[in-house]
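Residue numbers (the numbering used here), protein chains in the order written: chain Y, 1 to 116; chain Z, 117 to 613; chain S, 614 to 941.
For glycine and all other residues, C-beta sits at the position ideal for the given N, C-alpha and C.
Just so it is clear, the structure is predicted and the values come from calculations on it, not from any experiment.
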Amino acid sequence: MNVLGLFYYWVFAVLLMVGFYAVIAKPNYVKKLIGLSIFQAAVFLLYITMGKIEDGTAPIFQAAENVYSNPLPQVLILTAIVVGISTTALGLGIVVRIREEYGSIEETDIKERDRK
Amino acid sequence: MTTIAHHLPALQVIVPMLTAPLVMLLKPAGLARAAAIAASLFAFAIAIAMTMGVLDGHIYTYRMGSWPAPYGIELAVDRFSVLVLLIVTGASSFALLAGQRSVDADISHDRQPLFYSAWLLALAGLSGIPVSADAFNIFVFMEISSLASYVLIAGGSNRRALPAVFKYLIMGTIGATFYLIGIGLIYLMTGTLNLEDMAQRISGVEDVNPIIVAAGFVTVGLALKAAIFPLHVWLPNAYTYAPNTVTVFLAACGTKVSIYLLLRFDLAVFQGNLVEHAFHFAAFLMPLAVLGILVGSTVAMFEKDIKRLLAYSSIAQIGYILLGASLVTIAGLTASTLHIFNHALAKGTLFLAVACLATQCTGYRLSQLGGAAKKMPWTAGALVVSGFSLIGIPGTAGFISKWYLISAAYEQGSLGIALIVVLVISSLMAVVYIWRIVESIYFGEPTSDLSSVREAPIAMLVLTWAAALLNIYFGLVPELPVSLSSSAADILLGPTP
Amino acid sequence: MIVLFGIFLLTLLVITALAIVRNDSLYAAVILNGIFSLLMAASFFLLDAADVALTEAAIGAGISTVLFLGALALTGELEKSPTKHRLLGTAVVAIPTLLIIFAFFDIPQFGASDAPVHQHVGPWYIEKTPEFIDIPNAVTAVLGSFRGYDTLGEVFVVFTAGIGVLFLLSARPLARRNEPFVARDPHKGLRHYLVPRVVGRFLIPFIFLFGLYVQFHGEYGPGGGFQAGAIVAASLILYSLLEGERRCLVVIPSGALRWLVAGGALLYGGVGVVGMLLGGNFLDYNVLASDPVKGQQMGIILIELGVGLTVTGVLLSVYHAFAGRGKL
């Protein structure tokens, strides 16, 4: 169980890194948004991992006495997922408008066109 | 228990929040605007009522859904929160009342209900943060205010608003996610989200490394949102290309709320529970504050666009606020929180005056404003008064906070002397950039025909002058902000040992 | 067995993430992102988070893919310029990651029942939910009642995004301000393709029904307003893909969508205000009925309905805004 636990936290760190890197280094606006969603998804994994309890089940009460995982991180992440998709939707709206005004969604092109 | 006074903290947020969907459904733009103004003024009245309450020694707490903290979400309003609430609701009301011209210029009538709805959501989000006492709830309201601000800024008619807002969205979301990671690590170590409970339980944590890392994430995340140098890169363009009213609103309170939260977290939650946190906090923020002051002022001195000039000056002013805070003394924090209030007042008025200029002038370059003062003497006058307040001329609000800042720095010995030198130099720089504006509007050669230029609409002028007079009023009678900010400093540093 | 399965999923997650970042084709990246979300949902399920898994699958893999594709149709599918700031990017990314890894040496063990998370606050919800609210799904209880104010905020985040996209995409492009604005041909769709149409039409009622089930079964099993809203919206989006924009807008016209968006948010807020008027605090459901437990259940059903309405409305409006936008 411990190997797996460590593994979850490490994967969180790696995904965080991958997503964050895409946001910073990719000049394409859609790619940046995809990176942002990976970045946020990594944080979801962090929260859900900490809510897990050994030999637990989902916090939905059944007849038998069970050990239940912590519902709170799950609630927080439900909220965070919805916040994430909202940000993505708004970001895509802006990207579409940028494409209409500039004819491109590459950061380099847009900087060049603004300089004129 | 069920008097109105008891519900005030909740009403502060839900009045603008629940008006937003109604505003969106209103077809005529005038009606949407009227409803937005009414909700904003109501929120302002609530903030004033709570200010009077806390000055009488009352501390408002409110249990959402009647569940006890830390299980449910608690709202808590103290003297520091009301200071921020006054700025947020006041700035929103002034900007909305004065803003019709600017909104009409940038946004067509059929889109205005959506715009005003987003405005109310920004107001609700920004007021939801100082009211809340729950770390995750603050995240949710931070996102409401951020998303709504993106929408408002994207309303600008210049196409450059769009890349500017995209950059803001990316950096803002990174900031919020960093904050979320920090909260996650604290939750992992303490099991709680309530700020007060968190502060207590952190002191009982044995392995403090995760908490220190969490403090780092929360601080950096909020620094991004607060546009602290060098994480300010989103701010100048966002302020420059936003519609003028939006700039008034956001320049007055957008970053202030994040700074409020930064101080709350670093001082009320981490300070005192982490060994040497004060040292880390100061070592991290003081150099950034000094650099921010110097770089922001320097760029402002050479900037040609008036809105961008003022935006860079904001980066320098945020530096002042942080400089006071990074001393981690009662005097320093008093100066810092006082400057939050006074800078909001000065910068809000300046941008209001810019909005007045924009009703008549062709562009925002200083050269395009040449000679405007001859035709618009009242606007120019308000610009000068608020410019004085920004520089810190005696008799204006800006002087009071600069004075507190210098005396707080003076307590620090030789380091303090160095800081005072920085403050004096940057004030001189402020004289330079404000003078450049004054020079161009009073003495500059008109670049276009000024014969059709008239004074700005009377309603706008009245509000701009009301704000300008507040700058003088709080310069002469500073008791209210001073008493609020000195108790804010007490709250942040805890009872002095 | 579960350990192996978990490691397998996590490894796939990392591989998919890397593939997304390295891929030049945005279209491929978006599809891979959908797969990434599904893998993430499966991992959540292994971690006992059934509700979150359902949400991630419906929103991450479903709706977000549709939105990305809708945007790509308007912006182009290829990433043109090469990666910039490689070194800077790596450096900036490395610092927080190293810090986090440093923090991980001192955190409680995975799944340990003596971790602070399982000692404080969390267990209170497990213990008190049967007493105060008496519904089987503790996640719904926390979401709807104990932390109902967060959920209200969340609905307003969705609402803000909805009006934001409507606001942005109701602007005329500056370059074409003087020309009449031509929306994309609303008749297009997949009507001329027999197989997708038949299969799709067969699926739509079931998806819709499943959405309703998820909405009203949220107290007993995984589900609730957010998931249901996403699923119902997905079924209508499928309908619109098959039959074309216009037919879908006949079913729910855009005016009605606005009412749906605002109405859901107002229903939620209204329940809170009613609690206030009946003498409780904001969002206090105890006072809604003479029996507090009944009141709680009633309150949760109502607010979940509000959530479902707003989420459906916003997702559909956003989709229509993208789909109805003419390409330049």
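Subject >> Assigned exposure category for Asp226 of chain Z - 16 Cβ within 10 Å defines buried >> reply: The sequence position of residue 226 of chain Z within the second sequence is 110, counting from 1. Classification of Asp226 of chain Z: exposed, given that the 10 Å Cβ count is below 16.
**OP:** Could you name the residues of chain Z that Gln104 of chain Y contacts, counting a contact when the two beta carbons are closer than 9 Å?
**Re:** In the first sequence, the residue the question calls residue 104 of chain Y occupies position 104. It should be pointed out that residue 104 of chain Y corresponds to Ser in this sequence rather than to Gln. By Cβ distance, chain Z contributes nothing, its closest Cβ being about 11 Å from Ser104 of chain Y, past 9 Å.
Original post:
Taking Cβ to Cβ, would you say Asn646 of chain S is nearer than 9 Å to Ser677 of chain S?
Top reply: The residue given as residue 646 of chain S occupies position 33 in the third sequence. The residue given as residue 677 of chain S occupies position 64 in the third sequence. Yes, the Cβ-Cβ distance between Asn646 of chain S and Ser677 of chain S is below 9 Å.
Original post:
Any idea which residues DSSP pairs Ile60 of chain Y with across the strands?
Top reply: For the purposes of this step, residue 60 of chain Y is taken as the residue at position 60 of the first sequence. S:Asn750.
Original post:
So the alpha helix (DSSP H) Leu79 of chain Z belongs to, where does it begin and stop?
Top reply: There is no way to answer for residue 79 of chain Z, as the model of chain Z reaches only from 117 to 613.
Subject >> Cβ of Leu781 of chain S within 9 Å of any chain Z Cβ >> reply: The count along the third sequence starts at 1 and reaches residue 781 of chain S at position 168. With 9 Å as the cut-off, Leu781 of chain S counts as an interface residue toward chain Z.
Original post:
What are the residues of the region 710-722 of chain S that lie near chain Z, defined by any Cβ-Cβ distance shorter than 9 Å?
Top reply: Leu712, Ile713, Phe715, Ala716, Phe717, Phe718, Asp719, Ile720 and Pro721
Subject >> Identity of the residue in Z:Pro352, Z:Gly291 and Z:Thr167 nearest Leu378 of chain Z by Cα >> reply: Translated into positions along the second sequence, residue 378 of chain Z becomes position 262. That would be Z:Gly291, whose Cα lies nearest to the Cα of Leu378 of chain Z.
Original post:
Any Cβ of chain S within less than 9 Å of the Cβ of Lys26 of chain Y?
Top reply: Here the question's residue 26 of chain Y lines up with position 26 in the first sequence. Output row for Lys26 of chain Y: interface = yes.
Original post:
With a cut-off of 9 Å, does the C-beta of His698 of chain S fall near any C-beta of chain Z?
Top reply: Locating residue 698 of chain S in the third sequence gives position 85, counting from the first residue. Taking Cβ atoms only, chain Z never reaches closer than 9 Å to His698 of chain S, which makes this a no.
Subject >> Distance, Gly181 of chain Z Cα to Phe821 of chain S Cα >> reply: Looking up residue 821 of chain S in the third sequence gives position 208. Looking up residue 181 of chain Z in the second sequence gives position 65. Taking the straight line joining both Cα atoms gives about 32 Å.
Original post:
In whole angstroms, what separates the C-alpha of Leu15 of chain Y from that of Cys369 of chain Z?
Top reply: Sequence index remark: in the first sequence, residue 15 of chain Y carries index 15 (1-based). Sequence index remark: in the second sequence, residue 369 of chain Z carries index 253 (1-based). Computed Cα separation, rounded: 34 Å.
**OP:** State yes or no: is the beta carbon of Val938 of chain S nearer than 9 Å to at least one beta carbon in chain Z?
**Re:** What you label residue 938 of chain S is simply residue 325 of the third sequence in a count that begins at 1. For clarity, residue 938 of chain S is Arg in the given sequence; the question names Val instead. Cβ-Cβ to chain Z under 9 Å: no for Arg938 of chain S.
Subject >> Distance CB(Gly514 of chain Z)-CB(Ala525 of chain Z) smaller than 9 Å >> reply: By 1-based counting over the second sequence, the position of residue 514 of chain Z is 398. By 1-based counting over the second sequence, the position of residue 525 of chain Z is 409. Their beta carbons are not under 9 Å apart, which means Gly514 of chain Z does not touch Ala525 of chain Z by this criterion.
**OP:** Starting from the N-terminal side, write out each stretch of the alpha helix (DSSP H) that is 4 residues or longer and does not extend beyond the region 619-674 of chain S.
**Re:** 639-659 and 663-668
Subject >> Secondary structure of Glu106 of chain Y, DSSP reduced to three states >> reply: In the first sequence, the residue the question calls residue 106 of chain Y occupies position 106. Reduced to three states, the DSSP call for Glu106 of chain Y is strand.
**OP:** Give the C-beta separation of Val135 of chain Y and Ala684 of chain S to the nearest angstrom, bearing in mind that I take them to be a contact with Cβ-Cβ under 8 Å.
**Re:** Outside the displayed span of chain Y (1 to 116) sits residue 135 of chain Y, for which this structure offers no information.
Subject >> Inter-residue spacing [alpha-carbon to alpha-carbon] between Leu425 of chain Z and Gly337 of chain Z >> reply: Stepping through the second sequence from its first residue, residue 425 of chain Z is reached at position 309. Stepping through the second sequence from its first residue, residue 337 of chain Z is reached at position 221. Roughly 26 Å between the two C-alpha positions.
Original post:
With a cut-off of 8 Å, do at least 3 Cβ pairs link the region 486-503 of chain Z to the region 235-248 of chain Z?
Top reply: no
Original post:
Any Cβ of chain Z within less than 9 Å of the Cβ of Asn750 of chain S?
Top reply: Reading the third sequence from its first residue, position 137 is the one you call residue 750 of chain S. Answer no: the Cβ-Cβ gap between Asn750 of chain S and chain Z never drops below 9 Å.
Original post:
For the alpha helix (DSSP H) that contains Tyr68 of chain Y, what are its first and last residues?
Top reply: Numbered from 1 along the first sequence, position 68 holds the residue referred to as residue 68 of chain Y. Element bounds for Tyr68 of chain Y: n/a, residue is neither H nor E.
Subject >> Exposed unless 16 or more other CB atoms sit within 10 angstroms - verdict on Ala121 of chain Z >> reply: Against the second sequence, residue 121 of chain Z aligns to sequence position 5. Exposed, since its Cβ has fewer than 16 Cβ neighbours within 10 Å.
Original post:
Name the chain S residues that come within less than 8 Å of Leu36 of chain Y, Cβ to Cβ?
Top reply: The sequence position of residue 36 of chain Y within the first sequence is 36, counting from 1. Those within 8 Å of Leu36 of chain Y in chain S number zero; the least Cβ separation is about 11 Å.
**OP:** Check each residue of the region 260-280 of chain Z: if its Cβ is closer than 8 Å to any Cβ of chain Y, include it; give the result in chain order.
**Re:** Leu263, Tyr266, Val267, Ala270, Arg275, Arg276, Leu278 and Pro279
Original post:
Is the distance from the Cβ of Thr177 of chain Z to the Cβ of Val198 of chain Z below 9 Å?
Top reply: As a position in the second sequence, residue 177 of chain Z is number 61, starting the count at 1. As a position in the second sequence, residue 198 of chain Z is number 82, starting the count at 1. Their beta carbons are not under 9 Å apart, which means Thr177 of chain Z does not touch Val198 of chain Z by this criterion.
Subject >> 7 Å Cβ shell around Met417 of chain Z - same chain, five flanking residues per side excluded >> reply: The sequence position of residue 417 of chain Z within the second sequence is 301, counting from 1. For Met417 of chain Z, where only same-chain residues beyond five positions count, the Cβ hits under 7 Å are Met545, Val548 and Tyr549.
Subject >> Arg785 of chain S, DSSP secondary structure in three states >> reply: As a working mapping, residue 785 of chain S is identified with position 172 in the third sequence. Three-state result, Arg785 of chain S: coil.
Subject >> Cβ pair Ser319 of chain Z, Asn389 of chain Z closer than 9 Å >> reply: Position 203 of the second sequence holds residue 319 of chain Z. Position 273 of the second sequence holds residue 389 of chain Z. Yes, these two residues count as a Cβ contact at 9 Å.
Subject >> Ala41 of chain Y versus Ala13 of chain Y - alpha carbon distance >> reply: Here residue 41 of chain Y corresponds to residue number 41 of the first sequence, with the count starting at 1. Here residue 13 of chain Y corresponds to residue number 13 of the first sequence, with the count starting at 1. Each residue's Cα considered, the two are about 11 Å apart.
**OP:** Mark Ser224 of chain Z as exposed unless 16 or more other C-beta atoms lie within 10 angstroms of its C-beta, in which case mark it buried.
**Re:** One-based indexing of the second sequence puts residue 224 of chain Z at position 108. When all chains shown are included, Ser224 of chain Z counts as exposed.
Subject >> Cβ-based burial, Trp581 of chain Z [other Cβ within 10 Å; buried from 16] >> reply: Working through the second sequence from its first residue, we reach residue 581 of chain Z at position 465. Trp581 of chain Z comes out buried.
**OP:** Would you identify the three-state DSSP class for Val193 of chain Z, choosing helix, strand or coil?
**Re:** Working through the second sequence from its first residue, we reach residue 193 of chain Z at position 77. Strand at Val193 of chain Z.
Original post:
Can you list, in chain order, the residues of the region 398-415 of chain Z whose Cβ is nearer than 9 Å to any Cβ on chain S?
Top reply: none
Original post:
Among the residues of its own chain, which have a CB less than 6 Å from the CB of Gln840 of chain S, if the five just before and after it don't count?
Top reply: In the third sequence, residue 840 of chain S corresponds to position 227, counting from 1. The residues are Leu667, Thr668, Ala671 and Val827.
Subject >> Contacts around Lys372 of chain Z, its chain only, beta-carbon distance under 7 Å, and the 5 residues preceding and following it disregarded >> reply: The residue you call residue 372 of chain Z lines up with position 256 of the second sequence. For Lys372 of chain Z, where only same-chain residues beyond five positions count, the Cβ hits under 7 Å are Val200, Ile203, Ile456 and Ala460.
Original post:
Can you tell me whether DSSP reads Gln528 of chain Z as helix, strand or coil?
Top reply: As a working mapping, residue 528 of chain Z is identified with position 412 in the second sequence. Gln528 of chain Z: coil per DSSP, three-state reduction.
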